[in-house]
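Comments concern the structure below.
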Amino acid sequence: MGTFRDAARKEHLARQAEAVATDIAIKPQAPQYHNSPLQVFGQHDDATIAQMRNCMSVGNAVAGVICADGHLGYAQPVGGVIAYEKQISISGVGFDIGCGNMAVRLDTPFSQVERYIGAIIKDVHKVISFGVGCSNDERVEHDLFDDGDAWRESDMGGRDGRRE
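Numbers 3 to 166, taken from the working numbering, label the letters of the sequence shown in order.
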């Protein structure tokens with residue numbers, strides 16, 4: 003069952019997707035980069051996917067990804083990453099990084115926690131970092147962060163290639 007608002011949003015997104023797809027007038031992409039693979043995680047508006055394909059239609063894009071929380075961005079979809087030949091563009095994390103992250107799924111019916119929502123949100127906010135310039139006390143670990151070759155290739159590491 004759809005509402006007028008849902009129908010209006012769908013029409014608005016369709017118009018945005020059409021505009022995004024026809025907005026660019028840059029030199030044609032070399033044939034070897036045409037139809038580079040795009041991996042899409044989750045469900046996304048047509049406008050978001052069209053925006054990503056538009057971004058990938060320029061330059062030497064070899065692959066792209068739209069992450070599960072991706073959405074239409076200013077230039078590239080937020081949550082989008084494009085791998086170009088010999089470089090990666092992560093600009094898709096974009097202008098609202100952290101947007102929508104202040105949501106927590108509970109296994110408790112709303113009626114049982116409704117009167118505690120304020121306290122719950124304060125507790126969530128204490129534990130999870132939100133917004134520009136914030137950081138968690140808990141260090142995030144991943145093998146990639148300790149991959150000396152990757153740090154050397156990125157030109158962001160120290161002499162041994164490890165992060166400083």
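For every residue, glycine included, the Cβ atom is placed at its ideal position computed from N, Cα and C.
Per DSSP, residue 129 has no beta-bridge partner at all. Judged by beta-carbon spacing, residue 19 lies within the 8 Å limit of residue 49, meaning their Cβ atoms are closer than that value.
A distance below 8 Å separates the beta carbons of residue 122 and residue 115. Residue state for residue 63 is assigned as strand, using DSSP reduced to three classes. Rounded to whole angstroms, the gap between the alpha carbons of residue 57 and residue 76 is 11 Å.
Residue 73 is classed as buried because its beta carbon has at least 16 other beta carbons within 10 Å across all chains shown. Around the beta carbon of residue 46, 16 or more other beta carbons sit within 10 angstroms, so the residue counts as buried.
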